[in-house]
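Asker:
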Amino acid sequence: MYEVEALILMAISGLVIGFIAALLGIGGGMVMVPALFFIFKLTDIIPHDQMHVAAGTSLLVMVATSIGAVVSHAREGNVVWQVSRRTVPGIAIGVILGAVLASRLPTSALSDIFSVALILVSLTMIFGFKAQSAQKPRPGRFKCSAIGSVIGFKSGLLGVGGGALSVPWLTWHGIPQREVSGTSSTFTLPAAIIGTIAFILTGFNETDMPYTLGFVYWPALPVAGCASVFGAFVGAKFSRRTPDRLLRILFGILLLGVSVSMVAAE
Numbered sequence: 003m004y005e006v007e008a009l010i011l012m013a014i015s016g017l018v019i020g021f022i023a024a025l026l027g028i029g030g031g032m033v034m035v036p037a038l039f040f041i042f043k044l045t046d047i048i049p050h051d052q053m054h055v056a057a058g059t060s061l062l063v064m065v066a067t068s069i070g071a072v073v074s075h076a077r078e079g080n081v082v083w084q085v086s087r088r089t090v091p092g093i094a095i096g097v098i099l100g101a102v103l104a105s106r107l108p109t110s111a112l113s114d115i116f117s118v119a120l121i122l123v124s125l126t127m128i129f130g131f132k133a134q135s136a137q138k139p140r141p142g143r144f145k146c147s148a149i150g151s152v153i154g155f156k157s158g159l160l161g162v163g164g165g166a167l168s169v170p171w172l173t174w175h176g177i178p179q180r181e182v183s184g185t186s187s188t189f190t191l192p193a194a195i196i197g198t199i200a201f202i203l204t205g206f207n208e209t210d211m212p213y214t215l216g217f218v219y220w221p222a223l224p225v226a227g228c229a230s231v232f233g234a235f236v237g238a239k240f241s242r243r244t245p246d247r248l249l250r251i252l253f254g255i256l257l258l259g260v261s262v263s264m265v266a267a268e
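In the numbering used here, the protein residues as written are 3 to 268.
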């Protein structure tokens, strides 16, 4: 019975997350992870390591949702492939290191780290900190590898995409906004794939819960994944009809509330 309740809540969460992500042009990982965390706690289908399973499952769902974004941007010519090729190897290394560290941390510590990251993102949303586009040369191989490892480490540790770091960085280098979005999406897909595999392997001997493979709860993929795709389609329809600045402030306040709730839930 609890499994059915959990899947219903995941479908609703996926729908809302996809809608918000498309409406505001942000990734959904920062909402997906706490949503899964609370669902696992509320229904008790994941009795322990809830934060680890939430992060690993978020990456699995992200694989499905980011494939469409990469294909779409690639067809439109919105990807700076030179930057992508230089950055992805660093992302791969960072994701593995982040996932290994996550597996060594207790779920309470991982939850606290995520809450701090959530507060930083929420403040960015509320106060609108933005990297200004500048006439900078395209980043070289070393710089791409370095920033890629940081982006990947954050993704592997927290189960989220790297847009909060990659978008300002690409913008600072003078890359046009449409290419920023497209290139950033090519960072998310490999991070999600490698991160999912890493969470499966690092949690393989740690969990014996039903419907899990390592730290990944696989039924969330068809449920939350499909719902988020539909939510994104609806959100895109509304994206030009709503005051973006107001929505970002309200969403930032919501994230602040979520971060406080995560700390209180421990």
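Heads up, the beta-carbon is just placed ideally off N, CA and C, and yes, glycines get one too.
1. Which first and last residues belong to the alpha helix (DSSP H) in which L107 is found?
2. Roughly how far, in whole angstroms, is the beta-carbon of G188 from the beta-carbon of G150, given that I think they are within contact range, below 8 Å?
3. May I have a chain-ordered list of the alpha helix (DSSP H) segments no shorter than 4 residues that lie completely inside the stretch 107–187?
4. For the stretch 138–146 and the stretch 170–178, state whether three or more C-beta atom pairs, one from each stretch, are separated by less than 8 Å.
5. For V33, which residues in the same chain have their Cβ closer than 6 Å to its Cβ, ignoring the five residues on either side in sequence?
6. As a quick exercise: from I98, T185, Q179, pick the residue whose alpha carbon is nearest that of L160.
7. Throw me the rounded Cβ distance for the K163 and M264 pair, which I believe falls under 8 Å.
8. Could you tell me if A101 is buried or exposed, where buried requires 16 or more neighbouring beta carbons within 10 angstroms of its beta carbon?
9. Tell me which residues share the same chain as I95 and place their Cβ nearer than 6 Å to its Cβ, disregarding the 5 neighbours each side in the sequence.
10. Is the number of C-beta pairs between the stretch 50–62 and the stretch 73–89 that are closer than 8 Å three or more?
11. On the criterion of 16 or more Cβ atoms from any shown chain inside 10 Å, does I10 qualify as buried, or is it exposed?
12. Determine the extent of the alpha helix (DSSP H) in which I48 is found, giving its start and end residues.
13. Thinking just about the alpha-carbon of each residue, which of D114, A200, S183 is nearest to the one in F276?
14. Going by DSSP in three states, V82 sits in which element: helix, strand or coil?
15. My output table needs one value for T214: the three-state DSSP class, helix, strand or coil.
16. Let me know if F240 comes out buried or exposed under the rule of 16 or more other beta-carbons within 10 Å of its beta-carbon.
17. So A194 and G16 are supposed to be a Cβ contact under 8 Å. How far apart are they, rounded?
18. Given a cut-off of 9 Å, decide if G197 and G58 are closer than it, judged by their beta-carbon atoms.
19. So the candidates are V82, F235, G237; which of them puts its Cα closest to the Cα of Q179?
Answerer: For this structure:
1. By 1-based counting over the sequence shown, the position of residue 107 is 105. From DSSP, L107 is part of no alpha helix (DSSP H); its letter is neither H nor E.
2. As a working note, residue 188 is residue 186 in the sequence shown. As a working note, residue 150 is residue 148 in the sequence shown. Position check: residue 188 holds Thr in this sequence, whereas Gly was assumed. Between G150 and T188 the Cβ distance is about 11 Å, and since that is not below 8 Å, they are no contact.
3. 109–129, 143–160, 165–174
4. yes
5. Numbered from its first residue, the sequence shown carries residue 33 at position 31. Excluding positions up to five away in sequence, the list reads I19.
6. For the purposes of this step, residue 160 is identified with residue 158 of the sequence shown, where counting begins at 1. When each option's Cα is compared against that of L160, the closest is I98.
7. Here residue 163 refers to the residue found at position 161 when the sequence shown is read from its first residue. Here residue 264 refers to the residue found at position 262 when the sequence shown is read from its first residue. The sequence as given places Gly at residue 163; Lys does not occur at that position. About 19 Å separates the two Cβ atoms, so there is no contact after all.
8. Here residue 101 refers to the residue found at position 99 when the sequence shown is read from its first residue. A101 is buried by the Cβ-count criterion.
9. Here the question's residue 95 lines up with position 93 in the sequence shown. Contacts found: S151.
10. no
11. On the sequence shown, residue 10 is found 8 positions in, with the first residue counted as 1. Burial call: exposed.
12. The residue given as residue 48 occupies position 46 in the sequence shown. Per DSSP, I48 belongs to no alpha helix (DSSP H) and is neither H nor E.
13. Beyond the ends of the chain as shown, which are 3 and 268, falls residue 276; an answer cannot be given.
14. Numbered from its first residue, the sequence shown carries residue 82 at position 80. Three-state result, V82: coil.
15. Mapped onto the sequence shown, residue 214 falls at position 212. Three-state result, T214: strand.
16. Translated into positions along the sequence shown, residue 240 becomes position 238. Result: exposed.
17. As a first step, residue 194 is located in the sequence shown; it is residue number 192 there, counting from the start. As a first step, residue 16 is located in the sequence shown; it is residue number 14 there, counting from the start. 15 Å between Cβ atoms; not a contact.
18. Mapped onto the sequence shown, residue 58 falls at position 56. Mapped onto the sequence shown, residue 197 falls at position 195. Contact: yes.
19. Taking the first residue of the sequence shown as position 1, residue 179 is located at position 177. With distances taken between Cα atoms, Q179 lies closest to V82.
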